[in-house]
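Chemist: Can you read through this structure? Questions will come right after.
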Amino acid sequence: MTKICCVVVLCAFMVVLISQVPVMEAANCNYMELVVCAGAITSPQPPSGDCCNKVKEQQPCFCGYLRNPTLRQYVTPENARRVARKCGVAIPNC
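In terms of this note's numbering, the sequence shown is residues -15 to 78.
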């Protein structure tokens, strides 16, 4: 149950971030890479260095994630934006 919750939260995080990135997608897009961000997305704790690295790696994929209706339904805008901001990643415009 916890694993499913983390996946859902991570999906939501990605959808929020996707809304601002140019339409350039990397060949290795995998929202599951963001599982290291689950704690930061579900609580007020700051994102880890590993989380920020993954957010930066996956940034080119955000628009694709946003277009995914399954991921879009789990958006948690406040925490996703907070994590992106703490990681120094701009919220993209798609």
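Each residue gets a CB set at the ideal place from its N, CA and C atoms; glycine is no exception.
Here the structure is a predicted model, which is why all the values come from computation and not from measurement.
Alpha carbon to alpha carbon, how far is residue 46 from residue 14?
Modeler: Taking the sequence shown and counting its residues from 1, the one referred to as residue 46 is at position 62. Taking the sequence shown and counting its residues from 1, the one referred to as residue 14 is at position 30. If I take the Cα positions, the gap works out to 10 angstroms.
Chemist: Indicate the three-state DSSP secondary structure (helix, strand or coil) for residue 12 in the structure shown.
Modeler: Numbered from 1 along the sequence shown, position 28 holds the residue referred to as residue 12. Here residue 12 sits in coil by DSSP.
Chemist: With a 10 Å radius around its C-beta and 16 neighbouring C-beta atoms as the bar for buried, classify residue 74 as buried or exposed.
Modeler: In the sequence shown, residue 74 corresponds to position 90, counting from 1. So residue 74 counts as exposed.
Chemist: What does a CB cutoff of less than 8 angstroms around residue 17 pick up in its chain, not counting 5 residues either side in sequence?
Modeler: By 1-based counting over the sequence shown, the position of residue 17 is 33. Same-chain partners within the cutoff: 38, 41 and 42.
Chemist: Cutting at 6 angstroms between CB atoms, please list the residues of its own chain near residue 23, excluding the five before and the five after it.
Modeler: Counted from its first residue, the sequence shown places residue 23 at position 39. 29.
Chemist: Would DSSP call residue 4 helix, strand or coil?
Modeler: The sequence position of residue 4 within the sequence shown is 20, counting from 1. Note that residue 4 scores a pLDDT of 48, beneath 50, so its modelled location is shaky; the value from the coordinates is reported in the next line. Strand.
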